[in-house]
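Enquirer: For the sequence shown, numbering that gives the first Met the number 0 gives the first residue as 0, with consecutive numbering after it.
Every residue gets a Cβ at the ideal spot worked out from N, C-alpha and C, and that includes glycine.
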Amino acid sequence: MRFRLLGPVSVLGPTGAALALPGKRTRALLALLLLDRPGAVSQRRLLDTVWAGQNPKDPVNALHLQIAKLRTAFAAADPEPRLHSEHGGYRLVVRPGELDVEEFGTALARGRGQLAAGRQAEAAATLRAALACWHGPALADLADLAFTEPERARLTELRLTAVEAVATAELGLGRHAALIPELTALTTEYPLRESLAGQLMLALHQSGRQPEALAVYSGLRAHLAEELGVDPSPELQERHLAVLRAPLPTGRSAPGPANGNLRHPFSAFIGRTAELTRIAALVDRHRLITLTGPGGVGKTRTALEAGRQRLGGPADGVWLVELAPLPAGGEVLEAVSSVLLPDEGTGSHASPAGLERLIGYLRGRDLLLVLDNCEHVVDSAATVVRTLLERCPGLRVLATSREALALDGEHLVPLAPLELAEAVTLFRDRAGLLAADLPADADTTAAVHRVCHRLDGLPLAVELAAARTRLFSVAEIESGLDERLRSWDNTSRGAPARHHTLRTVLDWSYELLPERERRVFTALSVFPGGCDQDAAERVCADERPAAGQVMAVLARLVDKSLLVPVRDGAGTRFRMLETVREFAWSAIDCPRRLAELRRRHAEAMYALAEQAYIGLQSPRQRQFMTRLLAELPNIRAAAAWLLEQRAANRAMMLLGMLGYFFYISGREVEGSALLARAVAAHDERPEPDSDRPFTLALGWRCFLGVSSGTLADPWPEVQRLRAVYESSANPEVITDTPITVAWIAVRLRDPEEADACLRTAEAGVSASGNPWLRSALDGVWSDKHRQDGDVAAAIASSLAALGFSESIGDDFGIVYSQLRLGDAEEHAGHLDQARKRWTQARDAALASSSPVKHSYAELRLAYLDLTEDPGTAAATLVRVRRVAEDLAMDDLLAAAANLQGLLHRAAGELAAATEAFQRAWEQRRAYPVRSVVAAAQLALLSEDHEHWAALAGQTLDTVTDRLALASLRTVLAAETMPALVALRARLPERPVATALTALA
């Protein structure tokens, strides 16, 4: 996160987006916590300062509410708690580099030190970076609050100090004319500040504008006399005399040599702060730096910006040499000489004598050479750069290329596409240049984000998209993204020819590839999610690299910025930017070759699924989860291709073997939908020997559908499963399938079906000796015992399931068993033991890559915190809701919304409570008990009491879980509204100890 006080008070999240800080009082509270860091701020000081005499009716509750709002905002950006209760107050955790005031102060001190040491160029760059921390007057939105006044005055003085220091540095570098507009504005804003007036006088005088310099002095003297009754200081009077004595600055008649030829673009440079800082540090310490990256990523623009920031550094300037106009293999030496020695003619530049003349010119000079677009002349560029650096010690080179020069001492700076927040800023900026009036509504903002995301944040692609806002809405641009390679033109007259369309950018790289690299490059386009080395070798077999040489070709494509290596917990993967992948796909012009590549791709994913089917039930679960999450786009594509080929058995096996993956990862909705399509394909065109693929796929389809609430009536499918496993001779079908059917029967309260399936499953599992199946079956037994009210038996079955999961290293099985144990302990009234189990489940869920079970564990803990620590509960609910939204988990969303509503209701925030319960009601695929809770609460809060009470009653008829019904009675125990009293009368007489089952 980044906390900002140098402007309006705000907090930025990891993406650069501002966090929601509702209300001025919340921002004031944050500002005070920041100003009084790093210690804790007492409740009394917070109340006296932030409320400043406007005493609320319940001061402590009002403060707790504001603290909860801050915690909720912080939790959206950082799962680690930032606001701690300590010694009767609160302490805000701010990590190094997160507060703009500290960053500004550090840079100011460093810049002043550099200035004192005579390092003017470094000082100017450092001080400019310090001033970039400001985005308005300090604490601008809290200027009317008395406690901010001393800090605002202190920070404003420091800012002026920085402004004066940077002006001193840049005046010393001879940048007189460039400073005049800035100094003029500042002297207008601070008309009595003599130091600024003196600097403006010097800048004007050295620019040959003596009358204006004298006018500045006269205006200041009049202001001082009128406002303070004093004369200018002796130092300023001396400067006035100096201007009078020297009408023109010394040496003006003999201007020095040019200090560079850098272009000054018309548009603003967006983002890349970290990269520019790194480039500046490398240029200070090293002599050859190369910016690499794919076409359109912004290498040229970044190099120019880095070069401009160095102006005034090298004594002999910063010089740009553009190599793009050269033909492939063209003479780089001639291009460099024509820029640095333009009066020497062009005919002899490329000769040995021409090289010696260039070396003679550069030897002894302090100069930064920017070589742009080296990739098509990389050998010639490398030769020239090596020779010049070896013989010209004052020379530094900043190169841009889609591949490295591969010289000793070369430091690479790979440029990735822009982060989403920067890409969105770029889109809006470029659209604004075209006078496109982009609406600021939520739909347009969301569409801009989606466009920039689909364009991978590639700057050229984002700019081309923004250019289309002259003709189309953002929604229309989004719908036309598939045409971006063909029809998006860059109509700017200043754009190089190679940047006129995305296709020309990519053609430039493609044409430079040898044949075998082209074939591997296009073959890899069948991986929408990227690939590892093993998968690449499977698909690229027979693509003409010699056996075992695929890795060497991958490395060359990485060197040429066409592949991006990504390292994760499963090793190194290679991916293409989506725009690059679409180009590579379009370059496959043989349908037979494309079909063969897709077949190999599907076989690679099938082989992975076979390994994962066993691996997910073992200590290697986390490794396989990491791999499968990365491969998910490829799995989708493989399944789609198999279905296109009418290979239903193969598709059902592929997806069925990954059913446990979909459940662990919380992707029940997607997994259920994919499996439903595979089963539908089987129904349309059955294949022989389908018992195992069919029951595996349909079993997981039913399990995931019931779990996610997307399968409203599973019984027809369950009967199909029963018919197959009762007649099948396949031992896997006979053993596995009854467990799934028993789980669904228990879940939907069909005791006869559950008993029959459990007996069948017991026989099969006992005969198989499979510990994973034994753990799963014991878990189903635990659910049944708990619903029957036999808590002791539920605990015993959960302990047995836990033991089997631990014996095989199934992390997710351990999490699920701990959750079940906690639930059973809670129903027995053992809340401390339940908290312990749920905490263990929450922590273990992180290791098992199971965000949903982690969130349900957090939800249960938040339930316990509702009354004891509402601030912690609120922060937890923000995290849970974020996971639920990401995974489209309606039940999780509804449960979190109901708890949020109760939290608001307890705080007296009835409008917010109503909104939360309305959100819960709208999640129609949630368990019915969530809807009953929401409707009952809305009956209390809304004006239409009878309507909501009736809906609660109607929904109650669909709740079959006896524990949920008893839990509902506890929820409604204190309500006196007649309609809710009547509703409560329909519930079991003996309520359970708490309302957990209904709420969390």
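1. When DSSP labels each residue in this structure, what does P416 get in the three-state scheme?
2. If you count every other CB in all the chains shown that lies within 10 Å of the CB of P458, and 16 or more means buried, which is it?
3. Find out if the Cβ-Cβ distance for the pair V8, L138 is shorter than 8 Å.
4. Write down every uninterrupted run of the alpha helix (DSSP H) in the segment 557-610 whose length is 4 residues or greater and which is fully enclosed by it, in chain order.
5. Could you tell me whether the segment 576-592 touches the segment 607-626, where touching means 3 or more Cβ pairs closer than 8 Å?
6. If A334 sits next to L319, beta carbons under 8 Å apart, how far is it from one beta carbon to the other, in whole angstroms?
7. Around the C-beta of I613, are 16 or more other C-beta atoms found within 10 angstroms, so that it is buried, or is it exposed?
8. Specify the secondary structure class of D230 as computed by DSSP and reduced to three states.
9. Quick check on this structure: which residue in R785, K852, F623 has the alpha carbon closest to the alpha carbon of S706?
10. Is the Cβ-Cβ distance between E374 and E402 less than 8 Å?
11. Determine contact between the segment 399-417 and the segment 371-388, defined as no fewer than three beta-carbon pairs at a distance below 8 Å.
12. Quick check on T736: buried or exposed, where buried means 16 or more other Cβ atoms within 10 Å of its Cβ?
13. Throw me the rounded Cβ distance for the A27 and L141 pair, which I believe falls under 8 Å.
14. Let me know the secondary structure DSSP gives R1 once reduced to three states.
15. Rounded to the nearest angstrom, what separates E914 and G900 at their Cα positions?
16. Which ranges would you report for the alpha helix (DSSP H) in the segment 640-725 if only whole runs of at least 4 residues count?
17. Rounded to whole angstroms, what is the Cα-Cα separation between L4 and A420?
18. Ordered along the chain, which non-local residues of its own chain (more than five positions away) have a Cβ less than 7 Å from that of R449?
19. By how many angstroms is the C-alpha of T399 removed from the C-alpha of E101?
20. D868 to R918, Cα distance in whole Å?
21. Put D956 into one of helix, strand or coil per three-state DSSP.
22. Within 10 angstroms of the Cβ of T249, are there 16 or more other Cβ atoms? Answer buried if so, exposed if not.
23. Starting from W920, trace the beta strand (DSSP E) both ways and give me its first and last residue.
24. Return the bridge partner residues of V40 from the DSSP annotation.
25. Just verifying my parser: in three-state terms, what is the DSSP assignment at L776?
26. On the three-pair Cβ rule with 8 Å, is the segment 869-886 touching the segment 60-79?
27. Alpha carbon to alpha carbon, how far is T187 from A108? Give it in angstroms, no decimals.
28. Apart from the five residues just before and just after P692, which ones in its own chain have a Cβ nearer than 7 Å to its Cβ?
29. Can we say the segment 381-400 touches the segment 265-274, given the rule of at least three CB pairs closer than 8 Å?
30. Please work out which residues of its chain come closer than 7 Å, Cβ to Cβ, to V814, disregarding the five sequence neighbours upstream and downstream, and give them in chain order.
31. Have a look at E667 and Y855 and give me their C-alpha separation to the nearest angstrom.
32. DSSP three-state call for L11: helix, strand or coil?
33. For N1008, count the other beta carbons within 10 Å of its own beta carbon; 16 or more makes it buried, fewer makes it exposed. Which is it?
34. With DSSP collapsed to three states, give me the class of D371.
35. Less than 8 Å between the beta carbons of A675 and R635, yes or no?
36. CB L20 to CB L29, shorter than 8 Å?
Expert: If we stick to the structure as given:
1. If DSSP states are grouped into helix, strand and coil, P416 belongs with coil.
2. P458 is buried by the Cβ-count criterion.
3. In this structure, L138 lies closer than 8 Å to V8 by Cβ.
4. Counting whole runs of 4 or more residues, the segment 557-610 contains the alpha helix (DSSP H) stretches 577-585.
5. In short, these stretches do not touch, since the Cβ pair count stays below three.
6. Contact between A334 and L319 does not hold, since the beta-carbon distance rounds to 11 Å and is not under 8 Å.
7. By the 16-neighbour rule on beta-carbons within 10 angstroms, I613 is exposed.
8. Assignment of D230 by DSSP, reduced to helix, strand and coil, places it in the coil class.
9. Closest option to S706, Cα to Cα, is K852.
10. Closer than 8 Å, so yes.
11. Counting Cβ pairs under 8 Å, three or more are found: they touch.
12. With 16 or more neighbouring CB atoms inside 10 Å of its own CB, T736 falls in the buried class.
13. Their Cβ separation, rounded to whole angstroms, is 6 Å, which keeps A27 and L141 in contact under 8 Å.
14. It is a strand residue.
15. Between E914 and G900, the C-alpha separation is close to 8 Å.
16. DSSP runs (the alpha helix (DSSP H)) wholly in the segment 640-725: 647-655, 658-663, 667-683, 690-707.
17. The alpha-carbon atoms of L4 and A420 are separated by roughly 20 Å.
18. Cβ within range, chain order: E477.
19. In a straight line, the C-alpha of E101 is about 34 Å away from that of T399.
20. Going by the C-alpha atoms only, they are around 23 Å apart.
21. Here D956 sits in coil by DSSP.
22. With a pLDDT of 48 at T249, under the threshold of 50, the predicted position of this residue should be treated as unreliable, and no value is reported.
23. Per DSSP, W920 is not a residue of any beta strand (DSSP E); the alpha helix (DSSP H) it occupies stretches across 909-921.
24. Partner(s): Y89.
25. Of the three classes helix, strand and coil, the one that applies to L776 here is helix, per DSSP.
26. Contact between the segment 869-886 and the segment 60-79 is present, with at least three C-beta pairs closer than 8 Å.
27. The alpha-carbon separation between A108 and T187 amounts to approximately 27 Å.
28. For P692, where only same-chain residues beyond five positions count, the Cβ hits under 7 Å are N648, M651, M652, G655.
29. Contact fails: fewer than three Cβ-Cβ distances are below 8 Å.
30. Contacts found: A840, A843, A844, S847, S849, K852.
31. Approximately 15 Å, taken between the alpha carbons.
32. Looking at L11 - three-state DSSP - the assignment turns out to be strand.
33. Beyond the ends of the chain as shown, which are 0 and 999, falls residue 1008; an answer cannot be given.
34. It is a strand residue.
35. Cβ atoms of A675 and R635: not closer than 8 Å.
36. The answer is yes: Cβ separation under 8 Å.
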